[in-house]
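The sequence shown: position 291 = 290 (numbering that gives the first Met the number 0), numbered continuously.
Positions of the beta carbon are idealized from the N, C-alpha and C atoms, including for glycine.
All remarks here apply to the structure that follows.
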Amino acid sequence: MFPTGLQFTSGLQAAAFQKLVNIDQGGIPYATKYYNGLSVEFRFDFIAPKHCSEVNINTCPSWCYYIEHNGSLYKESHQAALARVDRRTLRGWRILYGGLQAWIQQRPSSRGDHSFKPTPGVYSVLLEVRDFSNNSRIARRFVLYDATSSVSLNNATAKLYVSSAVEETGYTWQTPAATGNQVTVSVAWPNYFVNHVHEDGLFLGEIEQYPIQFNEIQDDGVLSSQKYVADALDDNEEPRTRKVIPNFHGIIKYEIVWQPTADTNEPTSGWEKIPMKESFTATRTLVDGDTLRVWIRATDIMGNAKADSTVVKIDGTPPILQTNLTGKDYGLTRNIADGPYNFSSKITFAASDGSSGVHKIGFKAIVKTQAGATKEMYSNFTAANMQVDLTNPFCKIVDGVCFLPDQTLYLDNCWLTVTKSDLDTATAMVEVSVFNQAMLSKTTSFDIGRINSLQGLEKYNGPQNLRVVNKTPTGFRLQWDLPTRESCYGRADILIILSRRASWTTIYNS
């Protein structure tokens, strides 16, 4: 095996001469030529070409190959150590999940631009440089091409919202800090921003290492250098390298702007880059009555951006609950005739909130026995008095909803059912709490008194006015009166006892 770069010359010595005559002039001698040897030169080169960056990056000429997003390919410089560069071959593939799709087979070595008409995707471009000794090196570059897709909002299944606000009222209202004016505000947007083309096409995923070519014939000694992409010649230039690009649904960057206003115009300045997550938490200076609009902007690897915003309002004042107002007959009314239950009572009062409006009413029905034991018999929530008609002069309008102050709470007397032994002595009360949209509350109570004053809870004395009607020679018919409405305790069994004075008794269960 000759060492790399060896030049070998072989010579042949011979004793010979040649006499030339001019046949046109009768064979007159023309010249005599002598030959005494021949030299043959062999050159051996096993050094593959080097990329200019491997020698000195400063030696790379300005016309090195590079790739633009529009698909144009330009030359990249290689140097051959001994033999001159003979050929440059350009190959390219559109990288697909689980395979490759070729789009360029070969390019000549002449200088000039080489363009193609790509479709959106990730492309792998190989530049192989071969010298006259058939030594070669391969460099690889990636290009993500996309001139059509955009960032969109996944409104169907996701949303942008202030997660630190009250969930029940649509993440719109939040309370201020317990002390000071520094409020922790958390905003979230899981699965909300998306580039479907990049996500579905796995454009930002990891790219495999280029496999070594022709291993078998290299092992047989046919090839003297491996045909592969060395790490130094692979694409290590951001942003599209072999490594996976961190992203959420094709988004690689999020930015945020905090605006102390309800203005819906997208800001043109003040954007702050935030960590690569689908949520963000910060401390803001906010007090009761403030409004904060939070803008989030999502950007994909092509620079396409989409922004959206959400609003949170600060309410630190609990609602007002009033049971005594001039001209209003507020309070507890027992045993009303037009209630929604068989045995109904009602409570009326006024509840209002100057900031977020009264959102809901909670109540508890509590019984106290003569022995002093208390028991919560029933609890629930009901919507406050709201309507969409904004023309009512008593409206407190919040976010397009009319909140009215007058509240009516209906009670089912049967919620207070107790054992028969406690019926005459047990008392009851109703605890009422009103909540605004920030879920701040105000509570009061209404005394019912003795529960036996409520219809449906009276003692049951059985059938009344028993009488015999429709007597016949073979029988008769009994008739009696029952309460017009069934008691809270339900219907009791009625036993009919027929007896003959002298001998027997028959019992009928009705």
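Whole runs of the beta strand (DSSP E) within the segment 224 to 304, excluding any shorter than 3 residues: Runs of the beta strand (DSSP E) inside the segment 224 to 304: 252 to 258, 271 to 273, 278 to 284, 290 to 298.
Distance between Asp314 and Ala364 (C-alpha atoms, nearest Å): The residue labelled residue 364 in the question sits at position 365 within the sequence shown. The residue labelled residue 314 in the question sits at position 315 within the sequence shown. Their backbone Cα atoms lie some 29 Å apart in a straight line.
Other residues of its chain near Cys413: CB distance less than 8 Å, five sequence neighbours each side excluded: The residue you call residue 413 lines up with position 414 of the sequence shown. The residues are Tyr340, Asn341, Phe342, Gly455, Leu456, Cys487.
Beta-carbon proximity list for Thr424, same chain, < 6 Å, skipping 5 on both sides: For the purposes of this step, residue 424 is taken as the residue at position 425 of the sequence shown. Excluding residues within five positions, the ones whose Cβ falls inside 6 Å are Gln369.
Among Thr473, Leu481, Met438, Lys470, the one whose alpha carbon lies nearest that of Glu167: For this step, residue 167 is matched to residue 168 along the sequence shown. Among Thr473, Leu481, Met438, Lys470, the Cα nearest to that of Glu167 belongs to Met438.
Val417: first and last residue of the uninterrupted alpha helix (DSSP H) it sits in: To locate residue 417, count along the sequence shown from 1; it is residue 418. Note, Val417: premise wrong, no alpha helix (DSSP H); not H, not E.
Of the residues Lys49, Thr332, Ser498, the one placed nearest Gly448, counting alpha carbons only: Taking the first residue of the sequence shown as position 1, residue 448 is located at position 449. It is Thr332 whose Cα lies nearest to the Cα of Gly448.
Per DSSP, cross-strand counterpart(s) of Gln173: In the sequence shown, residue 173 corresponds to position 174, counting from 1. In DSSP, Gln173 forms a bridge with Ile313.
Three-state secondary structure (DSSP) of Asn341: Numbered from 1 along the sequence shown, position 342 holds the residue referred to as residue 341. Coil, per DSSP.
Own chain, CB closer than 7 Å to Pro28, minus 5 neighbours either side, in chain order: If you number the sequence shown from 1, residue 28 lands on position 29. Excluding sequence neighbours, Pro28 sits near Lys18, Val20.
Residues bridged to Asn379 (per DSSP): As a working note, residue 379 is residue 380 in the sequence shown. Answer by DSSP bridge pairing, in chain order: Phe362.
Nearest neighbour of Thr147, chosen from Gly120, Val165, Tyr409, Thr418 [CA to CA]: Here residue 147 refers to the residue found at position 148 when the sequence shown is read from its first residue. Thr147 has its Cα closest to that of Gly120, out of Gly120, Val165, Tyr409, Thr418.
Residue of Pro117, Thr407, Leu232 minimising C-alpha distance to Val128: In the sequence shown, residue 128 corresponds to position 129, counting from 1. Ranking the options by Cα distance to Val128, first place goes to Leu232.
6 Å CB neighbourhood of Pro107 in its chain, flanking five on each side removed: Numbered from 1 along the sequence shown, position 108 holds the residue referred to as residue 107. Legend: pLDDT at Pro107 = 45, less than 50; position of this residue unreliable, value from coordinates given subsequently. Apart from sequence neighbours up to five positions away, no residue of its chain approaches Pro107 with a beta-carbon distance below 6 Å.
Ile250 and Asp299 closer than 8 Å at C-beta: Position 251 of the sequence shown, counting from 1, holds the residue named residue 250. Position 300 of the sequence shown, counting from 1, holds the residue named residue 299. It is a contact, given that the beta carbons lie within the stated cut-off.
Reduced DSSP category for Glu127 - H, G, I as helix; E, B as strand; rest coil: Here residue 127 is taken as the residue at index 128 of the sequence shown, counted from 1. Glu127 falls in the strand class under three-state DSSP.
Under the three-state DSSP convention, the category Ser149 falls into: Counting from 1 along the sequence shown, the entry for residue 149 is found at position 150. Three-state result, Ser149: coil.
Leu72 versus Ile255: straight-line alpha-carbon distance, rounded: Translated into positions along the sequence shown, residue 72 becomes position 73. Translated into positions along the sequence shown, residue 255 becomes position 256. The pLDDT assigned to Leu72 is 40, lower than 50, so where the model puts this residue is not dependable; a value taken from the coordinates is nonetheless given after this. For the pair Leu72 and Ile255, the Cα-to-Cα distance works out to about 37 Å.
Assigned exposure category for Lys374 - 16 Cβ within 10 Å defines buried: Locating residue 374 in the sequence shown gives position 375, where the first residue counts as 1. Counting Cβ neighbours within 10 Å, Lys374 comes out exposed, since fewer than 16 surround it.
Nonlocal neighbours in the same chain, by C-beta distance under 6 Å from Gln386, ignoring five residues either side: In the sequence shown, the residue the question calls residue 386 occupies position 387. In chain order, Cys401 place their CB closer than 6 Å to the CB of Gln386, counting only its own chain and leaving out the 5 sequence neighbours on each side.
Residue nearest to Tyr253 in terms of C-alpha spacing, selected from Glu271, Arg292, Thr290: The residue labelled residue 253 in the question sits at position 254 within the sequence shown. Selected option, being the one with the closest Cα: Glu271.
Cα-Cα separation, His50 to Arg296: By one-based count along the sequence shown, residue 50 stands at place 51. By one-based count along the sequence shown, residue 296 stands at place 297. One C-alpha to the other measures close to 41 Å.
Residues near Val150 in its chain [Cβ-Cβ closer than 8 Å; skip 5 each side]: Taking the first residue of the sequence shown as position 1, residue 150 is located at position 151. Around Val150: Phe192, Val193, Asn194, Gly249, Ile250, Ala297, Thr298, Asp299, Asn303, Ala304, Lys305.
Three-state secondary structure assigned by DSSP to Asn451: Here residue 451 corresponds to residue number 452 of the sequence shown, with the count starting at 1. The answer is helix: DSSP assigns Asn451 an H, G or I state.
Nearest neighbour of Phe45, chosen from Ser38, Asn134, Tyr34 [CA to CA]: Taking the sequence shown and counting its residues from 1, one reaches residue 45 at position 46. When each option's Cα is compared against that of Phe45, the closest is Asn134.
Start-to-end residues for the alpha helix (DSSP H) that takes in Asp199: Translated into positions along the sequence shown, residue 199 becomes position 200. DSSP places Asp199 in the uninterrupted alpha helix (DSSP H) bounded by 195 to 199.
DSSP bridge partner residues for Cys401 (one or two, in chain order): As a working note, residue 401 is residue 402 in the sequence shown. In DSSP, Cys401 forms a bridge with Gln386, Ile396.
Whole-angstrom distance between Asp328 and Gln406, CA atom to CA atom: Sequence index remark: in the sequence shown, residue 406 carries index 407 (1-based). Sequence index remark: in the sequence shown, residue 328 carries index 329 (1-based). About 12 Å.
Straight-line Cα distance separating Ala187 from Met275: Locating residue 275 in the sequence shown gives position 276, where the first residue counts as 1. Locating residue 187 in the sequence shown gives position 188, where the first residue counts as 1. Cα to Cα, the separation comes out at about 12 Å.
Rounded straight-line distance, which links the Cα of Lys359 to that of Gly353: On the sequence shown, position 354 is the one that residue 353 refers to. On the sequence shown, position 360 is the one that residue 359 refers to. Within the model, the alpha-carbon separation for Gly353 versus Lys359 is close to 15 Å.
Gln105 in three-state terms, based on DSSP: For this step, residue 105 is matched to residue 106 along the sequence shown. With a pLDDT of 45 at Gln105, under the threshold of 50, the predicted position of this residue should be treated as unreliable, though the coordinate-derived value follows. The answer is coil: DSSP assigns Gln105 none of H, G, I, E or B.
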